[in-house]
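Okay, so the sequence shown: first residue is 128 according to this note's numbering, each after it adds one.
Taking it in order: structure first as structure tokens, then the write-up.
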Amino acid sequence: MTMNSPTNPTNSTTSIDELVAGRRRADGSDLAVIGLLLLLVGLMFVVEIFGPSTVRTARVTTSVEVDRFNRVTDLQIVRGIDEEGAGFEIRVSESVRNSLQPDDRVEVTRSWLTGRVLSVRAETWSHDVGGWRLVVGLGAAAIGAVLSFFGLRSMLRASRSDQQVDWKSALMWPAVFALALNTGYVLYERDQASTSSARAAYEATLTTEPAVEDCQGLSVAAGQQLFALVKISKDAGELDAEDFGSVVSIIQGMEPGCTPESVEAEVCAYIADVVDGAPEFVVSTGGRCPDFP
């Protein structure tokens with residue numbers, strides 16, 4: 128009579144241990160790779176902020192308003208190109224966008240590591256992107272470190288359960304892939320900000336400054352604007368030094384080909400004519416007009 132031998136419990140237990148070890152190794156490898164990617168990206172953001180940087184002269188090419196899809200707020204977009212031919216695009220406040228004109232000069236600070244824009248500065252405003260990037264970088268690095276820790280711990284446990292499991296070999300190629308992916312991204316960003324982006328594009332934005340000369344008289348549009356501005360103060364009965372400065376600045380903006388001195392002289396002459404016809408009109412220019420204090 129043939130008897131079936133009982134199943135060896137040791138073999139069954141070993142098979143289960145092998146399955147558990149293999150599952151731990153797979154899960155641990157996935158966690159470790161994802162964690163390593165997040166850690167590298169986070170550290171890249173941090174190095175961008177605190178690492179070396181370069182400052183380039185740039186010019187504004189366009190400033191536009193873009194409608195959001197939800198129509199709640201609009202995006203104020205400023206675009207430009209720096210002296211090495213690399214473009215930039217930033218979001219600014221409406222007042223900043225309205226104050227910019229094509230061909231305005233700005234300074235662009237770029238990260239040495241990736242070449243990405245860290246800040247854009249002009250005489251009257253500045254725009255920094257380092258704050259949110261630092262928060263994102265630190266968060267990604269922290270999450271990546273935690274995932275890498277748990278992934279490695281899971282793989283170490285698997286190697287203890289099954290001596291045939293080599294956690295170093297299992298992690299090597301995924302780690303190489305993560306490093307290669309991050310390095311490729313850095314090289315891509317650097318290429319976008321390099322001289323290979325066509326320096327001619329920057330030089331094409333350079334325009335000849337208009338000739339500036341002493342003007343005798345104002346254009347029709349500037350004269351009409353001056354009339355409207357002075358009338359507002361005349362109706363109020365007073366034009367103080369601050370109002371006078373604002374009027375001169377507005378008219379100067381409408382007469383880019385005239386020297387500031389000649390524009391100011393034209394404004395002074397016009398106000399003097401107005402006062403001659405309305406003696407009750409009180410005018411103070413801060414000593415900038417010879418006929419008024």
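Beta carbons are placed, not taken as given, at the ideal position from N, Cα and C, and that holds for glycine.
- Burial is judged here by how many other beta carbons sit within 10 angstroms of a residue's own beta carbon; ALA159 has at least 16 and is buried.
- DSSP links ASP255 through a beta bridge to SER246.
- Excluding its 5 nearest sequence neighbours in each direction, SER275 has C-beta neighbours in its own chain below 7 Å: ALA159, GLY162, LEU163 and LEU166, listed in chain order.
- Shown here, CYS385 sits in a strand according to DSSP, grouped into three states.
- Collapsing the DSSP output to three states places THR310 in a helix.
- Rounded to whole angstroms, the gap between the alpha carbons of GLU369 and THR412 is 8 Å.
- Linking PRO420 to GLY380 through their CA atoms gives a straight-line distance of about 25 Å.
- Scanning its chain for C-beta atoms nearer than 8 Å, with the 5 sequence neighbours on each side dropped, one finds around VAL401 the residues VAL357, LYS361 and PHE408, in chain order.
- LEU353 is positioned such that its CB atom lies no closer than 8 Å to that of GLU382.
- About 5 Å separates the beta carbon of GLY264 from that of GLY169, a gap short enough to meet the 8 Å contact definition.
- Under the criterion of beta carbons closer than 8 Å, VAL182 and GLU234 qualify as touching, at roughly 6 Å.
- Listed as beta-bridge partners of SER156 by DSSP are no residues whatsoever.
- Per DSSP, ARG224 is one residue of the alpha helix (DSSP H) stretching across 221-226.
- A residue is called buried once 16 or more other Cβ atoms fall within 10 Å of its Cβ, and ALA348, having fewer, is exposed.
- One Cα belongs to ALA399, the other to SER389, and the distance between them is close to 15 Å.
- The closest CA to that of GLN203, considering only LEU227, ARG243 and GLU211, is found on LEU227.
- ARG237 sits buried, since 16 or more C-beta atoms from the chains shown fall within 10 Å of its C-beta.
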